Amino acid sequence: MEERIVFRNISPIDHRYSISERALFDRLVHWISEEAAISSCVRAEIALVKAHLTVRGSATPELTTALDAALGAIDPAEVYAEEEKTKHNIRALVNVLKKAVPAEAAPLVHLGATSVDILDSALAWRMKGVCAEVVLPLLRELELSLCELAEREAETPQVGRTHGQHAVPITVGFAMAEYVSRLGKSILEIEKRAADLRGKLAGAVGAYNATSVLVRDPEALERAYLAELGLEPSEHSTQLVEPEYLLRLLLEMNVAFGVIANLADDLRNLQRSEIGELRESFGADQVGSSTMPQKRNPWNSEHVKSLWKAFAPRVMTFFMDQISEHQRDLTNSASQRFVADYVAGFCQAVSRMADVVAGLGVNRERLLANLGGGKEAGVVGGVLAEPAYILLAESGVSDAHEVIRKITLTAEAEGIPFSAALARDGESLARIGAKMAELGLVGSPAEALGFFERPERYRGLSAEKARSLAGKYRSLMERK
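In this note's numbering, the protein residues as written are 357 to 836.
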């Protein structure tokens, strides 16, 4: 078959990304390329022959060795050429395979099977394999980098943000621990769903009609066939394996994709010039703009978000592939082939995000400056209005929220720090100081004002949660 120049490929996965991330592409090719699809069907057909031999008690080491040798003997180009004549992909593969196996095994090739007994089982084998060998290792690498970042920056102060506005202090580690937790749970779910993928050998309508003619226990033959592929039978088959096994795996990948895209969004926003708290690594020869030499764009994070935009909507196709009229129609035949594209796009995003997190720089000066606030934040030190209100309320002031709100308005109008405006209200500050001393937050009421001049001290359990979650998910990822 004619070899195609890489730059004449249509999908960017097969030229732009195959070149820029060759190692990842080569790992994926083994599982989700067209060559892999054909070879997995060959594997399934040979598994069926072995199952027949086992059930009949006629398997021999020599025959088994010869069958295994046929696994690597089938040329996809030959199968495609045969399909030009048969106009049927599995029949073409069967015709080619019969010539490659020993003569005594040839009559058993595809015996009792319908095409989807092979196609669905082969797809489950490939998806289980690509998850175990590529998807999950990539995800664990990213998760462990996030754990390391969360733990390393557990104490690093940062202003929390809600609605794009400064809220109350947290730490960088706490912000990253959100993604440690969200992605970690999704990884465990992908692992579970991949392990539960199923196959079938139930025939044209799923009722074991053909194999009932061949053996006394068709379900035992099915189990023997699928055991060769490391699979279990679908609980109920039509001509198709129940689609929800694969659907749930793909949906959970999409959940993980969304978590990663959310992380990418947060990271690229924290790299804005006016924020500048984080920064992606940048090579010595790297260029940020074709016209602005000073630019250092967060292009990797943006790339991840862009991949999510391209691939996440495909989840609708996965849902639509649930539906097949009666025992089968062919409306999933073309659409299901694009599952490979989705897996490749997802892996590209995970790999890129792992590189971003591993090389992420933290600007501690900017973090402290932003936490302290400024004109763009509204009130310098205003992030401590919450504890002032809570402590004042605890002291017995029923309208404490309104008292503190007015103090923040004064600070904003006069351009003075919140602590300075609070100091003007001697009665409120005295009540707050007394309550802080009572709770052991300060040694004496006189130290209260110093607390409101150091917003990084008001961080709740940020550092503790960062370390706890990093430790938990590191342990879960490293058990593999």
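Ideal placement from N, C-alpha and C gives every residue a C-beta, glycine not left out.
Everything numeric in this text was worked out from a predicted model, so none of it was measured.
6 Å Cβ shell around residue i - same chain, five flanking residues per side excluded
i      : result
Gly738 : Gly729, Thr764, Phe774
Tyr745 : Ala756, His757, Ile760
Arg604 : Arg549
Ser590 : Arg554, Lys556, Val597, Glu598
Glu742 : Val524
Ser751 : Arg787, Lys791
Asn565 : Gly559
Ala696 : Ile388
Pro801 : Gly789, Ala790, Ala793
Lys406 : Glu584
Thr442 : Ala448
Arg843 : Because the chain is modelled from 357 through 836, residue 843 falls outside the range shown and cannot be assessed.
Ala415 : Leu409
Given residue i as reference, the closest of the options once Cα atoms are compared
i      : options                        : result
Asn610 : Glu750, Cys703, Tyr373         : Cys703
Gly816 : Ala415, Ala510, Glu438         : Ala510
Ser396 : Glu377, Arg378, Lys484         : Lys484
Tyr829 : Val536, Ala705, Leu570         : Val536
Arg708 : Lys762, Ala620, Glu750, Asp685 : Ala620
Leu464 : Ala478, Arg482, Asp476, Thr567 : Thr567
Val452 : Ser477, Glu460, Ala426         : Ala426
Asp781 : Glu794, Leu795, Thr766, Ala793 : Thr766
Tyr581 : Asn565, Ala558, Gln595         : Ala558
His386 : Leu467, Val699, Ala617, Ala710 : Val699
Leu727 : Ile361, Gly413, Gln521         : Gln521
Gly632 : Lys762, Ala705, Phe675, Pro654 : Pro654
Leu502 : Arg372, Val615, Ala462         : Val615
Phe675 : Asp711, Gln692, Glu438         : Gln692
Arg684 : Ala480, Leu602, Pro493, Val472 : Val472
Ala725 : Glu812, Asp711, Phe613, Phe530 : Glu812
Leu686 : Gly771, His444, Arg378         : His444
Ala478 : Ala415, His519, Leu602         : Leu602
Ala462 : Glu434, Leu409, Glu439, Val706 : Leu409
Arg628 : Glu545, Asn719, Val491, Ala690 : Asn719
Which residues DSSP lists as bridging residue i, in chain order
i      : result
His522 : Arg517
Glu588 : Arg554
Gly816 : According to DSSP, which records beta bridges pairwise, Gly816 is partnered with nothing at all.
Gly717 : Arg635
Thr527 : Pro513
Own chain, CB closer than 8 Å to residue i, minus 5 neighbours either side, in chain order
i      : result
Phe694 : Arg670, Thr673
Ile716 : Reading the sequence as shown, one finds Leu at residue 716 and not Ile. Correct list, in chain order: Leu505, Leu623, Leu634, Arg635, Glu636, Ser637.
Glu809 : Gly737, Pro773, Ser775
Ile430 : Ile394, Ser395, Val398, Leu449, Val452, Leu453, Ala456
Val865 : Because residue 865 is not part of the residues shown, which for the chain are 357 to 836, the question remains open.
Glu391 : Val385, Pro432
Ala710 : Leu494, Glu497, Leu498, Ser501
Ala551 : Lys484
Glu600 : Gln678
His592 : Gly562, Glu598
Whole-number beta carbon distance between residue j and residue i, since they are thought to touch under 8 Å
i      : j      : result
Ala469 : Leu404 : 6 Å
Ile394 : Pro432 : 5 Å
Leu498 : Val713 : 6 Å
Ala523 : Ala822 : No, Ala523 and Ala822 are not in contact; Cβ-Cβ is about 17 Å, not under 8 Å.
Ala819 : Thr594 : 55 Å between Cβ atoms; not a contact.
Ser542 : Glu608 : 6 Å
Leu778 : Leu785 : 6 Å
Glu507 : Ala826 : 4 Å
Ser337 : Phe381 : The question about residue 337 has no answer, for the chain in this structure spans 357 to 836.
Gly701 : Ala666 : 6 Å
Beta-carbon contacts of residue i that lie in its chain and below 7 Å, excluding the five residues immediately before and after
i      : result
Ile474 : Cys397, Ala400, Glu401, Ile446
Val571 : Val411, Leu577
Leu740 : Phe774, Phe808, Pro811, Tyr814
Met648 : none
Ala668 : Asn610, Phe613, Gly614
Asp476 : Gly555, Lys556, Leu596, Val597
Asn688 : Asp677, Ser680
Arg722 : Gly632, Glu633
His848 : Residue coverage of the chain in this structure runs from 357 to 836, which leaves residue 848 outside it and unanswerable.
Segment contact, 8 Å Cβ cut-off, at least three pairs: the segment 501 to 516 with the segment 418 to 426: no
Taking contact to mean 3 or more Cβ pairs, one atom from each stretch, closer than 8 Å, check whether the segment 622 to 642 and the segment 680 to 687 are in contact. no
Would you call the segment 581 to 600 and the segment 653 to 666 touching, i.e. three or more CB-CB distances under 8 Å? no
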